[in-house]
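Peer 1: Structure in structure tokens, see below.
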Amino acid sequence: MIDPTAIIDNHAEIADNVQIGAYSIIGAEVSIGEGTVIGPHVVMKGPVTLGKDNHIYQFASIGEDPQDKKYADEKTSLVIGDRNVIREFTTMHRGTLQDRGLTKIGSDNLFMAYTHVAHDCIVGNNVIMANGASLAGHVHLCDNAILGGFTLVHQFTQIGTFSFAAMGSAITQDIPPYVMVGGRPTRPHGINSVGMERAGSNAEAVRLIRKAYKILYKNNLRLEDAIEEMEDLAAECDEISNMVSFLRNVSRGILR
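Count along the sequence shown starting at 1, add 138, and that's the number in my numbering.
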């Protein structure tokens, strides 16, 4: 289960049924949950807590120091949930004390090859990051969001649930839930109705989200006025309520 060429620190915690491939390096203060598969040539530097049944492919770097000039070797951490697939050459960094000192990743996510999750990011559940997609520091990527290949996300940006970014998007402001973006420059292009339907949203919810999208993007309203108008719909639909809640807490304005 553990290749004899793997280098594992005596202070690492390795659960039952963990597989560790050739030449992987597992540092101190790394905790690996049961059923997890670590491929060859993976480097994990703690403090890192990795849940159950994850699969990390070769040449990934998990829990390395943050790429932040203010970082001065403070003790910070990376926490990863269960059943994540982390493909080749993915990099995930620990947090910084300028935030909560924590980078946190949920469960059931797919990180394709060459993706990057920077310091202090929070990634939800059922997220897909396609090849080369990258999150700068302090990004919040909500449940069920999809980032197309080589999408770049600016620091401190929030990406809402079920949002979708096309290949090569450059995201510099917050993306509300259920909204699709793409192009150069990156702009909104309707709602992710396919994602909503696959998740079980009914036709009425999709219709109301389309209406909310028009209020937000087509009626030339200030954000505050659009939120006020959308609040009348929120009582009819949980999806609208989620969107309104997100919009009330945007930090960088929304991409328009």
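Using N, Cα and C, we set each Cβ at its ideal position, and we do this for glycine too. These numbers come from a predicted model, not from an experiment.
Please report the distance separating the alpha-carbon of residue 167 from that of residue 232.
Peer 2: Residue 167 sits at position 29 when you count from the first residue of the sequence shown. Residue 232 sits at position 94 when you count from the first residue of the sequence shown. Spanning the two alpha carbons is a distance of roughly 13 Å.
Peer 1: Report the residue from 177, 221, 381 and 182 whose alpha carbon sits nearest the alpha carbon of residue 190.
Peer 2: Within the sequence shown, residue 190 is the residue found at index 52, counting from 1. Among 177, 221, 381 and 182, the Cα nearest to that of residue 190 belongs to 221.
Peer 1: Quick check for students: name the residue ranges of the beta strand (DSSP E) that lie wholly in the segment 176–232, counting only runs of 3 or more.
Peer 2: If we require 3 residues or more, the beta strand (DSSP E) runs fully inside the segment 176–232 come out as 186–188, 199–202, 215–218 and 229–231.
Peer 1: Tell me whether residue 388 sits in a helix, a strand or coil according to DSSP, three-state version.
Peer 2: Taking the first residue of the sequence shown as position 1, residue 388 is located at position 250. Coil at residue 388, not helix or strand.
Peer 1: In this structure, what does DSSP give as the bridge partners for residue 320?
Peer 2: As a working note, residue 320 is residue 182 in the sequence shown. 325, per the DSSP bridge assignment.
Peer 1: Does the segment 245–263 come within contact of the segment 334–346, defined as at least 3 CB pairs closer than 8 Å?
Peer 2: Judged by Cβ distances under 8 Å, the segment 245–263 makes no contact with the segment 334–346, as fewer than three pairs qualify.
Peer 1: Expressed to the nearest angstrom, what Euclidean distance is found between the alpha-carbon atoms of residue 264 and residue 283?
Peer 2: Position 126 of the sequence shown holds residue 264. Position 145 of the sequence shown holds residue 283. Distance between the alpha carbons of residue 264 and residue 283: 8 Å.
Peer 1: Ignore the nearest five residues each way along the sequence and tell me which others in residue 325's own chain have a CB closer than 8 Å to its CB.
Peer 2: Here the question's residue 325 lines up with position 187 in the sequence shown. Same-chain partners within the cutoff: 319, 393 and 394.
Peer 1: Of the choices 174, 200 and 195, whose alpha-carbon is the least far from that of residue 165?
Peer 2: Within the sequence shown, the letter at position 27 stands for residue 165. Nearest C-alpha to residue 165: 200.
Peer 1: Taking 8 Å as the threshold, find out whether the segment 157–164 comes into contact with the segment 178–194 through three or more Cβ pairs.
Peer 2: Counting Cβ pairs under 8 Å, three or more are found: they touch.
Peer 1: Is it buried or exposed, residue 377, if we count other Cβ atoms within 10 angstroms and call 16 or more buried?
Peer 2: Translated into positions along the sequence shown, residue 377 becomes position 239. Buried, because 16 or more other Cβ atoms sit within 10 Å of the Cβ of residue 377.
Peer 1: With H, G and I counted as helix, E and B as strand and the rest as coil, what does DSSP make of residue 147?
Peer 2: In the sequence shown, counting from the first residue as 1, residue 147 sits at position 9. Correct three-state label for residue 147: coil.
Peer 1: Less than 7 Å between C-beta atoms, sequence neighbours within five positions excluded: which residues of the same chain meet that for residue 339?
Peer 2: Position 201 of the sequence shown, counted from the first residue, corresponds to residue 339. Closer than 7 Å at the Cβ level, and outside the excluded window around residue 339, lie 377.
Peer 1: Give a yes or no on whether the C-beta atoms belonging to residue 277 and residue 301 are separated by under 8 Å.
Peer 2: As a first step, residue 277 is located in the sequence shown; it is residue number 139 there, counting from the start. As a first step, residue 301 is located in the sequence shown; it is residue number 163 there, counting from the start. Their beta carbons are not under 8 Å apart, which means residue 277 does not touch residue 301 by this criterion.
Peer 1: Work out the CA separation of residue 388 and residue 140 for me, nearest whole Å.
Peer 2: Counting from 1 along the sequence shown, the entry for residue 140 is found at position 2. Counting from 1 along the sequence shown, the entry for residue 388 is found at position 250. Taking the straight line from one Cα to the other gives about 46 Å.
Peer 1: Can you grab the Cα-Cα spacing for the pair residue 349 / residue 206, in whole Å?
Peer 2: Looking up residue 349 in the sequence shown gives position 211. Looking up residue 206 in the sequence shown gives position 68. Cα to Cα, residue 349 sits roughly 41 Å from residue 206.
Peer 1: Expressed to the nearest angstrom, what Euclidean distance is found between the alpha-carbon atoms of residue 336 and residue 347?
Peer 2: On the sequence shown, position 198 is the one that residue 336 refers to. On the sequence shown, position 209 is the one that residue 347 refers to. Taking the straight line from one Cα to the other gives about 15 Å.
Peer 1: Going by C-alpha distance, which of 210, 212 and 229 is nearest residue 218?
Peer 2: Locating residue 218 in the sequence shown gives position 80, where the first residue counts as 1. Out of 210, 212 and 229, 229 has the C-alpha closest to the C-alpha of residue 218.
Peer 1: Using only the alpha-carbon positions, how far apart do residue 153 and residue 198 sit?
Peer 2: As a working mapping, residue 153 is identified with position 15 in the sequence shown. As a working mapping, residue 198 is identified with position 60 in the sequence shown. Cα to Cα, residue 153 sits roughly 20 Å from residue 198.
Peer 1: Do you know how far the Cα of residue 281 is from the Cα of residue 185?
Peer 2: Walking along the sequence shown from the start, residue 185 turns up at place 47. Walking along the sequence shown from the start, residue 281 turns up at place 143. C-alpha separation (whole angstroms): 25 Å.
Peer 1: Answer yes or no: do residue 286 and residue 308 have a C-beta to C-beta separation smaller than 8 Å?
Peer 2: Reading the sequence shown from its first residue, position 148 is the one you call residue 286. Reading the sequence shown from its first residue, position 170 is the one you call residue 308. Result no, Cβ atoms of residue 286 and residue 308 do not sit closer than 8 Å.
Peer 1: Using the Cα positions of residue 296 and residue 273, report the straight-line distance between them to the nearest angstrom.
Peer 2: As a working mapping, residue 296 is identified with position 158 in the sequence shown. As a working mapping, residue 273 is identified with position 135 in the sequence shown. Distance between the alpha carbons of residue 296 and residue 273 is about 10 Å.
Peer 1: Determine the contact status of residue 374 and residue 382, defining contact as a CB-CB distance below 8 Å.
Peer 2: Within the sequence shown, residue 374 is the residue found at index 236, counting from 1. Within the sequence shown, residue 382 is the residue found at index 244, counting from 1. Taking 8 Å as the Cβ cut-off, residue 374 and residue 382 do not qualify as a contacting pair.
Peer 1: Whose C-alpha, out of 159, 252, 169 and 155, is nearest the C-alpha of residue 148?
Peer 2: Taking the sequence shown and counting its residues from 1, the one referred to as residue 148 is at position 10. Residue 148 has its Cα closest to that of 169, out of 159, 252, 169 and 155.
Peer 1: May I ask which residues mark the beginning and end of the beta strand (DSSP E) holding residue 339?
Peer 2: As a first step, residue 339 is located in the sequence shown; it is residue number 201 there, counting from the start. First-last for residue 339: undefined, no H or E at that position.
Peer 1: Where does residue 154 sit, in a helix, a strand or coil, going by DSSP?
Peer 2: Your numbering for residue 154 matches position 16 in the sequence shown. Reduced to three states, the DSSP call for residue 154 is coil.
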